[in-house]
Amino acid sequence: MFLISLEDQIALNQFAQSLQTADSLLGRFSGLTLEGKRAFLLQFSGMLQQSKPIDEDIEFAIEESRLKPTFTPCVLLRTHRLKIGIPKVLALPSDELNKAYVLLMYIFKRAYLRRYLVETGTPDKWWYADLSDVAFVNSLLATRSSDDPKDD
Numbered sequence: 003m004f005l006i007s008l009e010d011q012i013a014l015n016q017f018a019q020s021l022q023t024a025d026s027l028l029g030r031f032s033g034l035t036l037e038g039k040r041a042f043l044l045q046f047s048g049m050l051q052q053s054k055p056i057d058e059d060i061e062f063a064i065e066e067s068r069l070k071p072t073f074t075p076c077v078l079l080r081t082h083r084l085k086i087g088i089p090k091v092l093a094l095p096s097d098e099l100n101k102a103y104v105l106l107m108y109i110f111k112r113a114y115l116r117r118y119l120v121e122t123g124t125p126d127k128w129w130y131a132d133l134s135d136v137a138f139v140n141s142l143l144a145t146r147s148s149d150d151p152k153d154d
C-alpha cells in the first residue's frame with residue numbers, strides 16, 4: 003500500500019502556507035511512476051477532502067495555478083464540481099496527471115487557509131502549526147520516524 007510520506011505531507015502543508023512552491027512539489031510528483039502518481043493523487047485527494055474544500059475553490063485554484071481553464075482537469079471540476087469531479091480527475095490519462103496535481107494543490111491551499119484560521123494552535127493538529135519553524139518540523143520528523151519501526 004502506498005502512503006504519502008510525512009515529508010510530503012509537510013511539504014503540501016508548507017505549500018498551503020506559501021512556504022513551498024508548486025514547482026518544487028510538482029518536481030517531486032513528476033519523478034513518480036505512473037502507478038505512484040495515481041496512488042499519490044488518491045491519497046492526496048483524501049487530504050484534500052479533510053480540508054473541507056468548497057466548489058468556489060475551483061475558480062480560485064484555476065486562477066492561482068495559472069492553468070488554462072480549457073485544460074481537462076479544470077473543465078471536469080468546473081462542470082462536475084468537487085464531489086463528482088475529483089474521481090473523474092483522478093482517472094485521467096497519464097499526460098493529464100501533472101495538471102491535475104497542480105489544480106488539486108491549489109484547491110487544497112484555498113481550503114487549508116480557511117481551516118488554518120480556525121485551527122491554528124490546536125496542539126493535536128501539527129499541520130496547522132507554523133511550518134516555517136525549522137526546529138518544529140525537525141522535531142516532528144524525528145518524533146514520527148522514531149515511532150515508525152523500520153527493518154528490525
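Residues 3 to 154, numbered by my numbering, are exactly what the sequence shown covers, in order. The beta-carbon is built from N, C-alpha and C at its ideal position, and this holds for glycine as well.
- Here Leu133 is buried, its C-beta having at least 16 other C-beta atoms within 10 Å.
- Proximity of the stretch 110–129 to the stretch 33–43 falls short of the contact definition, fewer than three beta-carbon pairs being nearer than 8 Å.
- A distance below 8 Å separates the beta carbons of Cys76 and Leu105.
- In this structure, Phe73 keeps its C-beta atom at 8 Å or more from the C-beta atom of Leu14.
- Val136 counts as exposed, since fewer than 16 other C-beta atoms from the protein chains shown sit within 10 angstroms of its C-beta.
- According to the DSSP assignment, Tyr130 belongs to no alpha helix (DSSP H), since it is labelled neither H nor E.
- For Ser67, the enclosing alpha helix (DSSP H) covers residues 59–67.
- Annotation for Ala41: the continuous alpha helix (DSSP H) segment containing it runs 36–52.
- It is roughly 20 Å from the alpha-carbon of Glu37 to the alpha-carbon of Glu9.
- The residue among Ile86, Glu66, Gly48, Phe138 with its C-alpha nearest the C-alpha of Leu5 is Gly48.
- Contact between Lys70 and His82 is ruled out by a C-beta separation of about 18 Å, above the 8 Å threshold.
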